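S.K.: This is the structure I want to talk about, given as structure tokens.
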Amino acid sequence: MSELRQECLWEHVTQPAVAAQALAGEHKADVCVIGGGITGLSAAIHLLEQGKSVILLEAWKIGHGGSGRNVGLVNAGTWIRPDDVEATLGHKQGSRLNQVLGEAPGEVFAMIQRLGIDCQAQHKGTLHMAHNATGIADLEARHQQWSRRGADVELLTGAQCQEYCGTDKISAALLDRRAGTINPMGYTQGLAAAVTRLGGKLFQQSAVEGLQRDGDAWQVQTARGVVRADKVVISTGAYTEGDWSSLQKHFFRGYYYQVASKPLHGAAADKVLPHGQGSWDTRTVLSSIRRDDQGRLLLGSLGRVDNKPAWFVRSWADRIQSHYYPELGKVEWEMHWTGCIDFTPDHLMRLFEPAPGLVAVTGYNGRGNTTGTVIGRAFAEFLLKDEPDSLPLPFSPMKPVSAPSLRTAFYESGFSLYHAGQCLRVVL
94 MSELRQECLW
104 EHVTQPAVAA
114 QALAGEHKAD
124 VCVIGGGITG
134 LSAAIHLLEQ
144 GKSVILLEAW
154 KIGHGGSGRN
164 VGLVNAGTWI
174 RPDDVEATLG
184 HKQGSRLNQV
194 LGEAPGEVFA
204 MIQRLGIDCQ
214 AQHKGTLHMA
224 HNATGIADLE
234 ARHQQWSRRG
244 ADVELLTGAQ
254 CQEYCGTDKI
264 SAALLDRRAG
274 TINPMGYTQG
284 LAAAVTRLGG
294 KLFQQSAVEG
304 LQRDGDAWQV
314 QTARGVVRAD
324 KVVISTGAYT
334 EGDWSSLQKH
344 FFRGYYYQVA
354 SKPLHGAAAD
364 KVLPHGQGSW
374 DTRTVLSSIR
384 RDDQGRLLLG
394 SLGRVDNKPA
404 WFVRSWADRI
414 QSHYYPELGK
424 VEWEMHWTGC
434 IDFTPDHLMR
444 LFEPAPGLVA
454 VTGYNGRGNT
464 TGTVIGRAFA
474 EFLLKDEPDS
484 LPLPFSPMKP
494 VSAPSLRTAF
504 YESGFSLYHA
514 GQCLRVVL
């Protein structure tokens, strides 16, 4: 049996686009962006294209967080149904958010094309797969609600569903043609390369240790340097650390893990998601399924496995694979990795303006590839024009989430128990 190593596939197959350099000394810029993920890089690109000087600070390295470690689904909309978004936010605000995020995949693929990013981009849709009757009802509702809004979605059933999904364990699936898949690390590195091409300064291994107003500018302090900037964007997401920011109080951390096989070939492998969509099922503790351009099978779920033994990871992956795709036979699993997600209780993001010239965001709830791209652009437009209408949501009051650490522990315990049940073949 080959070794199952703890390594992110996307990092393994993607070369760094910019040289690692830490901030040292004093620097000035129109805007300082904190966080080198998709949101921060998107904001930097749009600001640079409008002639602003930008310095971006990343605590670790580009793509270290959720931007480089996620499944790579380019999803439309939010985690919850569009009607629920409008019920929570009100018709006007909810409708605006549904429209912006419904069009977000198109913006991602347009950025990829415009900037010439090599990231395994496949604009072929995604499949939300119903695992039981309750799941079918959920997909029927989502199909009806998105169709009413003019979205290019189709509810697949019968032989067509089984052919698209490549399994007879799914009887209905929602095909969202707006969506698609990418190598998220490739996308993030491509955005970073664009920042440097446009003249932006990007510093890695430069964790922020202090942020304060100093006269007419913001002073952003790291261990070895300082940036003075007129305006600041905080886009650190679930990887927000340090006492300099109160953003950690406005979400609770969740985890998501993935397991990648060695490349698969042959007739049985060709039947797995044969039209190139990425997918996930309707289980409460969902399973995601996709393939990469080398034919690897990628499985994922909520929770973490970086703290679990290799036999546990293999047993879980074998269980999911043998249920959906038994024709593959014994699959060799090559690597696994875990990332963090910033969750909010209502599964909707929060935009903040703690002070004039300072903007921040939390709560992408696992939809960062699309949401980060459009929020980065929206933040840039807001800072350039000071027009709140450029934002897909108004700024929220800073009301902390109650007991975030307890929420994280509660959910993680539940996920671990569920996955243990899957490994023991007690539940699926």
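So in our numbering the end of the sequence shown lands on 521, straight run, no missing numbers.
Every residue gets a Cβ at the ideal spot worked out from N, C-alpha and C, and that includes glycine.
Treat the numbers as computed from the prediction; the structure is a model and nothing was measured.
(1) Taking the alpha-carbon positions, what's the V147 to G422 distance?
(2) Let me confirm a value: K145 is counted as buried when at least 16 other C-beta atoms fall within 10 Å, else exposed. Which label applies?
(3) For a minimum of 3 consecutive residues, which ranges assigned as the beta strand (DSSP E) are wholly contained in the region 387 to 435?
(4) In three-state terms, what does DSSP make of Q312?
(5) By alpha-carbon positions, which one of R317, H224 and A203 ends up nearest to A214?
(6) Excluding the five sequence neighbours on either side, which residues of its own chain have a C-beta within less than 7 Å of the C-beta of L484, listed in chain order?
(7) Sort V326, L304 and L357 by Cα distance to W337 and report the nearest one.
(8) Just to check my reading of the structure: L166 and G371 have Cβ atoms closer than 8 Å, yes? What is that Cβ distance to the nearest angstrom?
(9) If you measure between the beta carbons of I131 and L284, is that distance less than 8 Å?
(10) Counting only runs of 4+ residues fully inside the region 98 to 180, write out the alpha helix (DSSP H) ranges in chain order.
(11) Does the distance from the CB of R271 to the CB of A244 come in under 8 Å?
(12) Can you check which of these residues, E196, G388, E179 and R317, is closest to D439 by C-alpha distance?
(13) Quick check on the DSSP output: what are the complete beta strand (DSSP E) runs of length 3 or more inside the region 287 to 346, in order along the chain?
(14) Contact between the region 237 to 254 and the region 426 to 442 is defined here as three or more beta-carbon pairs at a separation below 8 Å; is this criterion met?
(15) Would you mind stating whether V301 and L451 have Cβ atoms separated by less than 8 Å?
(16) Go through its chain and collect everything with a Cβ distance to A113's Cβ below 8 Å, but skip five positions before and after it.
(17) Taking just the CA atoms, how far does Q255 sit from Q525?
(18) Over what stretch of residues does the alpha helix (DSSP H) that includes H236 continue unbroken?
(19) Just to confirm, does V326 get its C-beta within under 7 Å of one of the non-hydrogen atoms of the ligand ADP?
(20) Relative to the C-alpha of L510, which residue among G279, R397 and T181 is closest?
(21) Determine, using beta carbons only, whether A353 and R412 come nearer to each other than 8 Å.
(22) Tell whether a beta-carbon distance below 8 Å holds between G469 and A136.
M.R.: Looking at the atomic coordinates:
(1) 52 Å
(2) buried
(3) 390 to 395
(4) strand
(5) A203
(6) L444, A471 and F475
(7) L304
(8) 5 Å
(9) yes
(10) 102 to 106, 131 to 142 and 159 to 162
(11) yes
(12) E179
(13) 294 to 296, 301 to 307, 310 to 315 and 318 to 327
(14) no
(15) no
(16) K154, Q297 and Q298
(17) No answer is possible for residue 525: it lies beyond the span of the chain, which begins at 94 and ends at 521.
(18) A226 to R241
(19) Within the structure as shown, the ligand ADP is missing, as the structure has no ligands at all.
(20) R397
(21) no
(22) yes
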